[in-house]
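Read the structure below first, then the notes.
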Amino acid sequence: MAFLTNFYAFLFYFAALVFVSGVAFKIVQYARTPAPLKIPTTPAPITSTGVTLRMVREVVLFESLFRGNKWTWIFGWIFHFGLLLVTLRHLRYFIEPVWFPIELVQPFGIYGGMAMIVGLGGLWARRFLVDRVRYISAPSDHLILALLVLIGISGLLMKFVFHTDIVEIKAFFMGLYAYDFQPLPADPLLLLHLLLVALLLIIFPYSKLLHAPGLFFSPTRNQADNPREVRHIAPWAKKLEQ
Amino acid sequence: MAKATFLVPELTQYTEVPAITPGAMAHSSPFFSKPDFQEPLGYPGELVDDWQNKAIDKMGELLGKYRSLQVYMDACVKCGACTDKCHYFLGTSDPKNMPVGRQDLMRKVYRRYFTVAGKLFPKLVGAEDFTKEVLDDWYSYFHQCSQCRRCSVFCPYGIDTAEISMAAREIMDSIGVGQKYCNEIIAKVYKVGNNLGLPGPALVDTLEGLEEDVYDDTGVRVRYPIDQVGAEVLLVTPSADFFAEPHVDGLIGYGKMFHESGVTWTLSTHASEAANFGMFIGSYDNMRRISQRIQEAAIKLKVKRIVFGECGHAWRVAYSFLNTLAGPWDFLDPRYPVPQHICEFTYDLIQQGKLTFDKSENDDKVMTFHDSCNVARATRMGDTPGGQFEIPRAIIRATCNNFYDMDEDTIRDRTFCCGGGGGLLTDDLMELRVKGAKPRMDALNNVIQEKGVTHMAAICAICKTQFSKVLPYYGMDMSQIISLHQLVGDAIVLTPDPEDEDANDDDDEDDD
Ligand code: HEM
Ligand code: SF4
Ligand code: SF4
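Taken in sequence, the protein lines are chains P and H.
Throughout the first sequence, residue numbering follows the numbering used here, covering 1 to 242 in sequence.
Throughout the second sequence, residue numbering follows the numbering used here, covering 243 to 754 in sequence.
What follows is the structure, given as structure tokens:
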């Protein structure tokens, strides 16, 4: 078992490294790239408080998508809300003591997992049923959905059918903080689940999953509509004036 | 006219989303620019050697200069929300006219050359080499985007296909593949001063003629001044306004409105064009160079305020970019925003009770209003968001008794493009223009049938030209599209000046 434990330990170090450095690189890249012109999609908020509210509505409610397509919105929102609950629920494996809000969220995390699968199912169905969405889908779009569905199903199976030793799992992850490898239970379903999660972390910075950080940097959404009041000029454009 | 060599779509009650027909518009592509029009803009005359590497380098440069491009290349999740939002897709059913389909033409190249996944597993992520076929597709489909931003309204990340089309055109220009219509016009602005190539003396003549016409019509000496040093307001308007129906009726309306306002104003031969096609080709440099003329004219004419006439994309460049491109404007009167839209100006006067209208003058018309995309989704009027929708409507209501809006899904920020924006207003793209107008025509036809609407007002020179051309294809009449300020001009009650009785007219315009 030592081999498996070591393999997974290094896999997660690697995945965490790729995820954190990859996403950090992208965030720095987005932040450093200037937006030379004011291009908010109007009507847009005039103040920065207004912009913050617009962004909150986009992140929490998917406001634009709601206006755009109700089916995608409902499935997409169910999936993401489910994912959020699941992620919060999983925090208990990574912190000690477990914070009170995370304790509270535990039962909802289960429903979150089911919601995730339902939402993903709906989104995936659209990729087959709607000719326009079929046309724009690349193999990677299907694979990411498959990956998330498999993560969800393997997780739920462990909850309801093939139980695994979550105390050992927690010991394994807590051990990773201290470079102290604790044995991982050798349940095939758990190993699959963890392998897929590591894969998700690794592809995150190199795939369309960048939509999560990307949204916050989208100039059509994060700019205030005040070009007449405040002169907006990018450093490279300023040079043209000399 | 209106003899089509292609099938004109049938109007339907609601615009239906068609099943996709791949390649339906692959044949549509505008005339190429000639070296004569490329060089004044700073671009190579024809396709350069080693174009592929140069194009990729240019793409890299733009990715570093425009956050929008960098984020939008990465962020799309192919959710499909935008797929049924583009009028060109709705009118042609070509899937490359779905906003995401159009973006993917660039995204597949981006992925191939700029992402790890696309370098390692091109097939998996839909990455492709930048081949001649891909370039041809770019030229065709990035000239089937009117940069109307309708897609960006509905995209969960606000991905704006206009930004991508602009970047694509800039990349193509940089390797010598330019579009004739836009680049010829920009070259004309540099040479003569406006899109139509009307020289200064011709403008002076036209305006004198206009003064005579208005005098004959109303018995009041309304002035159409040009190059008048010391006037309070510099009016910058699209050159179409000097030239043809229905535009010129708008210009007549501005003059009457200024007459009643008591505010002195002037046009300029130097800045005799509001349009700025530098935006359509995504060129910051050209857009800036064209904008600078306005600053030069404002300084030379010692004006205190700048007002823009009815033009959609010009208002975008003016409202959103002018401060960036040609500012700061600290030498103008700080009590007014710079620049102002002619509608804001007229609306303020109405609010102050300075204009008197006889609405019955417009009783021969039942009006509707077309929100021009650039005004609707890329600018504002007044101090509250959405003023760009309310102010023009308030002016129509103040000047007309009969006004009905089109279907809610097709107005305000969900407005459909006229089909001729973004540098596509050229005869070599007639099929695209007619088909792309379908969603707007559907909605217009509805209010014609249900409310008895007779005319549609617009505040954009491109929209007006496009509709005059396209309405007949759909069995309507070209005269059904009018300038918003024609309504103002027709309903306004003019105050005669004491000197109006004098036959001798002391013009004091000086030519440049
Ligand atoms: C700031 C956080 C996030 C926001 C605001 C957000 C928002 C969205 C929206 C609006 C969509 C389009 C609708 C849909 O297809 O569901 C979407 C799609 C998607 N999101 Fe997120 N997301 C976020 C984080 C994440 C994370 C952390 C993941 C996965 C680990 C994820 C995975 C996905 C996937 C796979 C899709 C595509 C679904 C499909 O193929 O149709 N998202 N996201
Ligand atoms: S900007 Fe307008 S024309 Fe271009 S893809 Fe989007 S909806 Fe279509
Ligand atoms: S709406 Fe936005 S994220 Fe969705 S497919 Fe279109 S461009 Fe991509």
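Using N, Cα and C, we set each Cβ at its ideal position, and we do this for glycine too.
Just so you know, these numbers come straight off a predicted model, no measurement behind them.
Residue environment: V471 (chain H) is assigned as exposed (fewer than 16 neighbouring CB atoms within 10 Å of its CB, all protein chains considered). Using a Cβ distance threshold of 8 Å, K706 (chain H) and S725 (chain H) count as a contacting pair. Per DSSP, the unbroken beta strand (DSSP E) holding F611 (chain H) starts and ends at 609-611. The beta carbon of K320 (chain H) falls within 8 Å of a beta carbon belonging to chain P, placing the residue at that interface. Beta-bridge partners of A700 (chain H) (DSSP): H:S725. Interface criterion not met: the Cβ of N339 (chain H) is under 8 Å from no Cβ in chain P. Placement of the Cβ of K296 (chain H) at a distance of 7 Å or more from every heavy atom of ligand 3 is found.
Exclusion of F128 (chain P) from the 7 Å shell around ligand 1 follows from its C-beta lying no nearer than that to any non-hydrogen atom of the ligand.
A Cβ-Cβ contact shorter than 8 Å links G418 (chain H) with L289 (chain H).
If you check the CB distance, I428 (chain H) and L304 (chain H) do not come in under 8 Å. Flagged as an interface residue toward chain P: G306 (chain H), by a C-beta distance shorter than 8 Å. By the neighbour-count criterion, in which 16 or more other beta carbons inside 10 Å mark a residue as buried, H329 (chain H) falls on the buried side. When Cβ-Cβ separations below 8 Å define contact, Q537 (chain H) makes no contact with chain P. Contact between the region 360-369 of chain H and the region 290-298 of chain H is absent, with fewer than three C-beta pairs closer than 8 Å. DSSP places R547 (chain H) inside the beta strand (DSSP E), whose first and last residues are 547-550. With respect to chain H, the C-beta atom of Q29 (chain P) has a partner C-beta closer than 8 Å.
At least 8 Å separates the beta-carbon of Y206 (chain P) from that of V342 (chain H). Residue-level contact check: T588 (chain H) does not touch chain P, since none of the beta carbons of chain P fall below 8 Å from its beta carbon. R577 (chain H) and V475 (chain H) have their C-alpha atoms roughly 13 Å apart.
Note on geometry: alpha-carbon atoms of F599 (chain H) and V431 (chain H) lie some 37 Å from one another. H489 (chain H) and A703 (chain H) do touch by the CB rule: their CB atoms are close to 6 Å apart, below 8 Å. By the rule that beta-carbons nearer than 8 Å mark a contact, Y383 (chain H) does not touch chain P. Between the region 613-623 of chain H and the region 390-401 of chain H, the count of Cβ pairs shorter than 8 Å is three or higher; the stretches touch. Here DSSP, grouped into helix, strand and coil, assigns Q386 (chain H) to coil. Neighbours of C324 (chain H) in chain P, taken as residues whose beta carbon is under 8 Å from its own, are G68 in chain order. Taken through DSSP and simplified to helix, strand or coil, T373 (chain H) comes out as coil. At least one heavy atom of ligand 3 lies closer than 7 Å to the C-beta of V342 (chain H). At a cut-off of 4 residues, not a single continuous stretch assigned as alpha helix (DSSP H) sits fully inside the region 92-124 of chain P. Distances between the C-beta of Q389 (chain H) and the heavy atoms of ligand 2 include at least one below 7 Å.
At a cut-off of 8 Å between beta-carbon atoms, K239 (chain P) makes no contact with chain H. DSSP, reduced to helix, strand and coil, places W507 (chain H) within a strand of the structure shown. Contact with chain H is found for Y135 (chain P), since one of that chain's Cβ atoms lies less than 8 Å from the residue's Cβ. In the three-state reduction of the DSSP assignment, Q421 (chain H) falls in the strand class, which pools E and B. In this structure, the straight-line span from the alpha carbon of V250 (chain H) to that of D606 (chain H) is close to 30 Å. Distances between the C-beta of V319 (chain H) and the heavy atoms of ligand 3 include at least one below 7 Å. No Cβ-Cβ contact shorter than 8 Å links V608 (chain H) with G551 (chain H).
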